[in-house]
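First residue of the sequence shown: 1, per the UniProt record's numbering; consecutive thereafter.
Positions of the beta carbon are idealized from the N, C-alpha and C atoms, including for glycine.
Here the structure is a predicted model, which is why all the values come from computation and not from measurement.
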Amino acid sequence: MTRVLLEIGAILLLILFNGFLAMSEMAVVAAMKIRLESRARDGARGARFALRLKEQPERFLSTVQIGITLVGVLTGAFGGATLAERLELWLTDFPALAPYAGGLAIALVVTPVTYLTLVLGELAPKRLAFGAPERVAAFCAPLMILLMRLSLPAVKLLSGSTALVVRLLGQSQHMEPRVTEEDVRGMAGEAVKAGAIEHGERDMLERIFRLGDRQVEAIMIHRAKIEWIDLDDPYEENVRKVMTSPFSRFPVAREELSEAVGVIKAKDFLAIYADDRRVSFTDPRFLHQPIYVPETTRVLALLERFKQEERMHFAMVLDEYGDIRGIVTLNDILEAIVGDIPGADQMSEPGAVRREDGSWLLDGLMPMDEVVSLLGIPPSLMAHMNGQFQTLAGFILHHLGRIPQTGDVLVWHELRFEVVDMDGNRIDKVLAQAQPEKESEE
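Spelled out as structure tokens, the structure:
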């Protein structure tokens with residue numbers, strides 16, 4: 001009887017060890033590296049060991065697999081070769097059960113062993129590991145490092161064999177785990193549902209991703225809306241413009257905006273004007289040179305330029321002929337990330353207004369990627385038009401093929417765009433709403 005109890009105890013220990021290996025595997029695989037690094041910086045020794053395991057996935061997984069395989073073999077040996085045989089001999093003492101003693105013995109041993117292996121050796125440990133992967137990984141890592149060292153010869157053999165098979169299948173041996181932009185978006189969405197981050201934070205993250213693909217043309221203030229100092233205008237008129245305008249910076253030019261000589265800050269000009277009522281608008285004490293960028297410049301690239309510029313975060317956007325198409329300030333880039341920021345230096349007008357009937361009144365200069373997000377347009381519909389336009393006005397011109405008039409309508413897929421206001425030849429306001437599918441057309 002004592003020997004039987006020892007064999008049962010050995011099987012239970014093997015099952016628990018299998019659970020430890022399964023828990024270690026799940027915890028190390030599921031643990032986030034950034035969280036382990038944070039624990040390691042706080043002095044958690046186990047976290048440092050866990051990081052070593054994550055950096056050596058082939059050796060770690062080989063060690064786990066060796067251990068699980070040995071546990072399976074030994075459990076089968078104890079269960080089948082010893083316990084089952086002893087139970088069979090005991091069952092033969094009952095005449096009614098003697099003909100079925102062998103099968104019954106195996107069933108009576110295999111069933112509880114299988115059940116305990118599933119519950120204690122797999123499911124429960126993995127659930128524990130999945131619930132707190134970093135903490136469990138830090139707990140298990142020191143012993144796993146020791147097991148890796150003890151099983152090093154076998155691990156090297158298995159790792160080499162695995163690498164050979166993988167190479168024969170045409171796959172790189174060292175593949176870093178890749179996190180895509182879509183993965184981060186998905187995790188942000190799940191974090192919002194779980195209450196870990198706010199909706200506004202997720203929206204800001206989405207805008208940052210879009211920022212990497214946007215050109216300055218998409219966020220610039222169009223030339224038609226720029227308020228500037230014309231040196232050919234009367235001096236008093238220009239001074240009055242600086243004093244009464246809500247803007248804080250003004251391009252200074254002669255005749256045409258393309259002939260710009262620099263940019264002034266209203267506060268710098270007025271500080272000197274208070275002592276010198278005839279100070280020139282081209283005085284070098286407050287006249288600065290702006291940054292000139294082509295319209296195809298990426299917004300993030302311009303942001304880097306602004307970070308290097310100490311005095312004037314102001315860029316003039318040029319087309320392919322060198323003419324000024326618009327301006328971009330640091331505030332415009334910030335608005336592209338956090339949304340509209342009404343301030344004293346701008347006459348804020350919403351780019352999108354939701355109406356009671358569910359339609360949207362949109363600014364013609366609204367960036368097209370924002371329109372796509374706002375109206376829920378599938379990105380696949382826009383893929384073939386990538387780079388052909390940057391704004392809603394450009395989108396409408398692209399499809400109409402002409403300068404529209406007020407009242408013109410574009411029906412595209414399941415959306416209806418109506419031009420409700422024109423500013424000369426520029427599309428100023430557009431009414432967008434869903435169109436019944438039977439009336440839609442490409």
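Which residues share a DSSP beta bridge with E418?
Counting from one through the sequence shown, the residue named residue 418 turns up at place 418. Answer is V409 and L431.
Considering only their Cβ atoms, is the gap separating I327 from F314 smaller than 8 angstroms?
Position 314 of the sequence shown, counting from 1, holds the residue named residue 314. Position 327 of the sequence shown, counting from 1, holds the residue named residue 327. The answer is yes: Cβ separation under 8 angstroms.
Just grab the DSSP bridge partners of V166 for me.
For this step, residue 166 is matched to residue 166 along the sequence shown. As far as DSSP is concerned, V166 takes part in no beta bridge.
Could you give the DSSP three-state label for M187: helix, strand or coil?
The sequence position of residue 187 within the sequence shown is 187, counting from 1. When DSSP states are grouped into helix, strand and coil, M187 belongs to the helix group.
Identify, in the order they occur along the chain, each residue of the same chain with its Cβ nearer than 7 angstroms to the Cβ of R39, setting aside the five sequence neighbours on each side.
For the purposes of this step, residue 39 is taken as the residue at position 39 of the sequence shown. Close CB contacts of R39 within its chain, under the 7 angstroms cut and outside five residues either way in sequence, are with A47, E134 and A138 (chain order).
Could you check where the beta strand (DSSP E) with T329 kicks off and where it finishes?
In the sequence shown, counting from the first residue as 1, residue 329 sits at position 329. Run containing T329: I324 to T329, per the beta strand (DSSP E) assignment.
Return the chain-ordered list of same chain residues with a C-beta closer than 7 angstroms to the C-beta of L365, the five sequence neighbours on each side being excluded.
On the sequence shown, position 365 is the one that residue 365 refers to. Same-chain partners within the cutoff: H222, T391 and A393.
Using only CA atoms, which one of L318, L169, F250 and P234 lies nearest to H288?
In the sequence shown, counting from the first residue as 1, residue 288 sits at position 288. Among L318, L169, F250 and P234, the Cα nearest to that of H288 is on F250.
With a floor of 3 residues, list each beta strand (DSSP E) that falls wholly inside the region 280 to 314, ordered by position along the chain.
DSSP runs (the beta strand (DSSP E)) wholly in the region 280 to 314: 291 to 294.
Strand pairing of P142, partner residues [DSSP]:
For the purposes of this step, residue 142 is taken as the residue at position 142 of the sequence shown. DSSP output for P142 lists no bridge partner at all.
Work out the CA separation of D332 and Q346 for me, nearest whole Å.
Taking the sequence shown and counting its residues from 1, one reaches residue 346 at position 346. Taking the sequence shown and counting its residues from 1, one reaches residue 332 at position 332. Low local confidence applies: a pLDDT of 49 at Q346 is under 50, so the model's placement there is unreliable, and no value is given.
Do you know offhand how far G9's Cα is from Y115's?
Here residue 9 refers to the residue found at position 9 when the sequence shown is read from its first residue. Here residue 115 refers to the residue found at position 115 when the sequence shown is read from its first residue. Rounded to the nearest angstrom, the two C-alpha atoms are 16 angstroms apart.
Residues in the same chain with beta-carbon distance under 7 angstroms from L330, minus the five sequence neighbours each way, listed in chain order, please.
The count along the sequence shown starts at 1 and reaches residue 330 at position 330. Once the five neighbours on either side are set aside, the close Cβ partners of L330 are F306 and H313.
Helix, strand or coil, according to DSSP, for Q215 in the structure here?
Indexing the sequence shown from 1 puts residue 215 at position 215. The answer is strand: DSSP assigns Q215 an E or B state.
With distances taken between CB atoms, is the gap from R210 to D340 smaller than 8 angstroms?
Translated into the one-based positions of the sequence shown, residue 210 becomes position 210. Translated into the one-based positions of the sequence shown, residue 340 becomes position 340. Contact flag unset, no.
Spatial distance of R59 from G186 (CA atoms)
Here the question's residue 59 lines up with position 59 in the sequence shown. Here the question's residue 186 lines up with position 186 in the sequence shown. When the Cα atoms are used, R59 and G186 turn out to be separated by approximately 31 angstroms.
I'd like the span of the alpha helix (DSSP H) that includes S38, first residue to last.
Locating residue 38 in the sequence shown gives position 38, where the first residue counts as 1. That run of the alpha helix (DSSP H) goes K33 to R41.
Just the Cα atoms here: how many angstroms apart are A105 and T92?
Your numbering for residue 105 matches position 105 in the sequence shown. Your numbering for residue 92 matches position 92 in the sequence shown. Between A105 and T92, the C-alpha separation is close to 10 angstroms.
Which residue wins for smallest C-alpha separation from V239, given the options V216, Q388 and R278?
Within the sequence shown, numbered from 1, the residue matching residue 239 stands at position 239. Minimum Cα distance to V239 is reached at R278.
Could you check what DSSP says for E198 in three-state terms: helix, strand or coil?
What you label residue 198 is simply residue 198 of the sequence shown in a count that begins at 1. In this structure, DSSP gives E198 a state outside helix and strand, which the three-state scheme calls coil.
If we call anything under 8 angstroms between Cβ atoms a contact, is A129 one with F49?
Translated into the one-based positions of the sequence shown, residue 129 becomes position 129. Translated into the one-based positions of the sequence shown, residue 49 becomes position 49. No. Outside cutoff.
Three-state secondary structure (DSSP) at L257?
Residue 257 sits at position 257 when you count from the first residue of the sequence shown. Annotated three-state conformation of L257 is strand, per DSSP.
Pull the bridge partners of K265 from the DSSP assignment, please.
Counted from its first residue, the sequence shown places residue 265 at position 265. R249.
At the level of alpha carbons, what is the spacing between P57 and E190?
Start at 1 with the first residue of the sequence shown, and residue 57 comes out as number 57. Start at 1 with the first residue of the sequence shown, and residue 190 comes out as number 190. P57 and E190 have their C-alpha atoms spaced approximately 27 angstroms apart.
I think T410 touches A434, with their Cβ atoms under 8 angstroms apart; what is that distance to the nearest whole Å?
Here residue 410 refers to the residue found at position 410 when the sequence shown is read from its first residue. Here residue 434 refers to the residue found at position 434 when the sequence shown is read from its first residue. In the sequence as presented, Thr is not what sits at residue 410; that position holds Leu. About 14 angstroms; that fails the 8 angstroms criterion.
So L270 and V242 are supposed to be a Cβ contact under 8 angstroms. How far apart are they, rounded?
Stepping through the sequence shown from its first residue, residue 270 is reached at position 270. Stepping through the sequence shown from its first residue, residue 242 is reached at position 242. Taking C-beta atoms under 8 angstroms as the contact rule, L270 and V242 qualify, at a distance of about 7 angstroms.
Looking at L318 and E304, is the spacing between their C-beta atoms short of 8 angstroms?
Along the sequence shown, read from residue 1 onward, the residue named residue 304 stands at position 304. Along the sequence shown, read from residue 1 onward, the residue named residue 318 stands at position 318. No, they are not a contact pair.
Would V430 and I396 be called neighbours here (beta carbons separated by less than 8 angstroms)?
Residue 430 sits at position 430 when you count from the first residue of the sequence shown. Residue 396 sits at position 396 when you count from the first residue of the sequence shown. Closer than 8 angstroms, so yes.
Since R207 and I337 are thought to touch, with beta carbons under 8 angstroms apart, how far apart are those beta carbons, to the nearest angstrom?
Sequence index remark: in the sequence shown, residue 207 carries index 207 (1-based). Sequence index remark: in the sequence shown, residue 337 carries index 337 (1-based). Yes, R207 and I337 are in contact; Cβ-Cβ is about 5 angstroms, under 8 angstroms.
Inter-residue spacing [alpha-carbon to alpha-carbon] between K225 and F417:
Counted from its first residue, the sequence shown places residue 225 at position 225. Counted from its first residue, the sequence shown places residue 417 at position 417. Taking C-alpha positions only, K225 is separated from F417 by approximately 23 angstroms.
With F242 as the anchor, note down where its beta strand (DSSP E) starts and where it stops.
In the sequence shown, the residue the question calls residue 242 occupies position 242. Checking the sequence, you will find Val at residue 242 rather than Phe. Counting along the chain, V242 sits inside no beta strand (DSSP E); it lies in the alpha helix (DSSP H) bounded by residues Y235 to T244.
From G200 to S280, what distance separates their C-alpha atoms?
As a working note, residue 200 is residue 200 in the sequence shown. As a working note, residue 280 is residue 280 in the sequence shown. Those two C-alpha atoms are separated by around 46 angstroms.
Rounded C-beta distance between L158 and I66? I'm assuming under 8 angstroms.
On the sequence shown, residue 158 is found 158 positions in, with the first residue counted as 1. On the sequence shown, residue 66 is found 66 positions in, with the first residue counted as 1. The C-beta distance from L158 to I66 rounds to 7 angstroms, short enough to fall under 8 angstroms.
Exposed unless 16 or more other CB atoms sit within 10 angstroms - verdict on F94
The residue given as residue 94 occupies position 94 in the sequence shown. It counts as exposed.
Would F286 pass as a contact of D275 if the rule is Cβ separation under 8 angstroms?
Position 286 of the sequence shown, counting from 1, holds the residue named residue 286. Position 275 of the sequence shown, counting from 1, holds the residue named residue 275. Against a cut-off of 8 angstroms, the Cβ pair of D275 and F286 comes out as no contact.
Do the CB positions of V73 and S24 come within less than 8 angstroms of each other?
Position 73 of the sequence shown, counting from 1, holds the residue named residue 73. Position 24 of the sequence shown, counting from 1, holds the residue named residue 24. Going by C-beta atoms, V73 is not nearer than 8 angstroms to S24.
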